[in-house]
Amino acid sequence: MAMSSSSPMDRLHTLDNIEKDIATVLQSGGQALTELSKDKPANKQVEAHVAQFRQTLTNVETELAKQINYLTQVSTGQAHEGSSYNSQKTLQMAMHRLDHAKTRVNELEATKNKHIQILQQHQLQKQQGMQQPPQPL
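This is the structure in structure tokens:
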């Protein structure tokens, strides 16, 4: 159950194997207790079930520790092989900045157009003032 690959499917497969090992741990413990509850328990059977219980439990602990370590690295935002969290966060921030820049450019464009319109009206009034004959006093 080595975690050599970091693809999501491999991680799910590893977690599935851990779940199966937990079932084996419970089964081994149950079989050991069943054997012990007999009037004449077979010591070799009990020892075999206990040995399997311990070995499988050790494997479960090791694999769960690896999974928890991986999740800790990913959740803290540290760069980690196979994690895209940091890249997604950077992309979202860039898109937010882009949206803000677009909004600001549109506001500036509207302001520019308003000033151009005022300037054109002012120039038109000047031209109309020059074309009219002077008013007699």
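Going by the working numbering, the residue at position 17 of the sequence shown is 750; the numbering climbs one at a time, nothing skipped.
Idealized CB from N, CA, C, for every residue including glycine.
A quick note: this is a predicted structure, and the numbers were derived from the prediction, not measured.
- DSSP, read as helix, strand or coil, puts S820 in helix.
- Less than 8 Å separates the beta-carbon of L790 from that of V758.
- Spanning the alpha carbons of D749 and V783 requires a straight line of approximately 23 Å.
- Shown here for A765: same chain residues with a beta carbon closer than 7 Å to its own, the five before and five after excluded, namely V779, H782, V783, F786 in chain order.
- Ranked by Cα distance from R744, the first of Q800, N792, Q760, E768 is Q800.
- Each residue's CA atom was taken as its position, placing Q853 and Q821 some 48 Å apart.
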